[in-house]
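Novice: Take a look at this one; I'll ask things after.
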């Protein structure tokens, strides 16, 4: 999806960023690394749920990112897998916020002989086909260049801070997004990705995005610390309970 022309004049500092996404998409389409997507419909007034602060803009997700899919190189070809050192990420690897390793890896031969794309560092991975979509949307930011299987989509705005913002936004509205875009199949659940790219996102200016990311990072750090304290308290309570019970039996 190309960027809506009406967005560009109103974005000031974001102009170069939006222009970069459009140019990156055009380059990838020209190199046949991604397919040309259908134009996204303009956002109607009825779709806008609330008024945004000055400098923010409602955009469709597909306007600010380009996307790539994955595949599975033939498992019958040992040259594609034996002693592979290129990450090949599947849903079972999507258990942490960042991708630095994968259970399976492919070789450079697989990369050269198949059409599997190499996903750049900073991209946001989204599981779009899995039974886990009944309750959550697994997401991860790529920390090491990788490939992905067909159950995952990679989206990229070309700006790491924006990708991180999208990670938190999707996490925050996970339930609503699942209700709207997840479909239950006969064997597995899936996200209708074409429709998912049409979802509207409240996008702030880049300096605000950075502040939001910093605030969330601090809050998540505090959350982890509180969880550690709770875990320690639970362990101490367990030890105390065992001690009281043993003393009762000894008496």
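Residue numbers (this note's numbering): 468 to 718. No residue lacks a Cβ here, since even glycine has one placed at the ideal position from N, Cα and C. All figures in this text were calculated on a predicted structure; none of them were measured in a lab.
Can you tell me whether residue 537 is buried or exposed, with buried defined as 16 or more other CB within 10 angstroms of its CB?
Specialist: buried
Novice: Buried or exposed for residue 642, going by 16 or more other Cβ atoms inside 10 Å?
Specialist: exposed
Novice: Within a Cβ cutoff of 7 Å, which residues of the same chain sit near residue 618, ignoring the five residues on either side of it in sequence?
Specialist: 557, 558, 594, 595, 596, 597
Novice: Excluding the 5 residues flanking residue 627 on each side, which residues of the same chain have their C-beta closer than 6 Å to its C-beta?
Specialist: 589
Novice: Taking three-plus beta-carbon pairs below 8 Å as touching, is the segment 514 to 523 in contact with the segment 532 to 547?
Specialist: No, the segment 514 to 523 is not in contact with the segment 532 to 547.
Novice: Are residue 581 and residue 550 close, meaning C-beta to C-beta below 8 Å?
Specialist: no
Novice: Are the Cβ atoms of residue 534 and residue 610 separated by less than 8 Å?
Specialist: Contact: no.
Novice: In whole angstroms, what is the alpha-carbon distance linking residue 616 and residue 692?
Specialist: 34 Å
Novice: Over what stretch of residues does the beta strand (DSSP E) that includes residue 592 continue unbroken?
Specialist: 591 to 594
Novice: Would you identify the three-state DSSP class for residue 554, choosing helix, strand or coil?
Specialist: strand
Novice: Going by other Cβ atoms of all chains shown within 10 Å of its Cβ, with 16 needed for buried, is residue 614 buried or exposed?
Specialist: Buried is the call here.
Novice: Considering only the beta carbon of each residue, do residue 495 and residue 530 sit closer than 8 Å?
Specialist: no
Novice: Helix, strand or coil: how does DSSP classify residue 508 here?
Specialist: coil
Novice: Can you look up residue 657 in the DSSP assignment and give me helix, strand or coil?
Specialist: strand
Novice: Quick check on the DSSP output: the alpha helix (DSSP H) that includes residue 543 runs from which residue to which?
Specialist: Run containing residue 543: none; DSSP gives neither H nor E here.
Novice: Please classify residue 586 as buried or exposed, where buried requires at least 16 other C-beta atoms within 10 Å of its C-beta.
Specialist: buried
Novice: If you compare alpha carbons, which of 563, 571, 645, 528 is closest to residue 548?
Specialist: The option with the nearest alpha carbon to residue 548 is 571.
Novice: Taking the alpha carbon of residue 488 as the point to measure from, which residue in 511, 603, 681, 629 has its own alpha carbon closest?
Specialist: 629
Novice: List the DSSP bridge partners of residue 534.
Specialist: 622
Novice: Identify the continuous alpha helix (DSSP H) that holds residue 638 and give its terminal residues.
Specialist: In this chain, the alpha helix (DSSP H) harbouring residue 638 covers 627 to 639.
Novice: Assuming residue 513 is part of the alpha helix (DSSP H), what are its boundary residues?
Specialist: Residue 513 -> no alpha helix (DSSP H), and no H or E assigned at all.
Novice: In the DSSP assignment, what residue or residues form a beta bridge with residue 523?
Specialist: Residue 523 pairs with nothing; no bridge assigned.
Novice: Can you give me the C-alpha to C-alpha distance between residue 625 and residue 532, rounded to a whole angstrom?
Specialist: 8 Å
Novice: Using the Cα positions of residue 682 and residue 565, report the straight-line distance between them to the nearest angstrom.
Specialist: 19 Å
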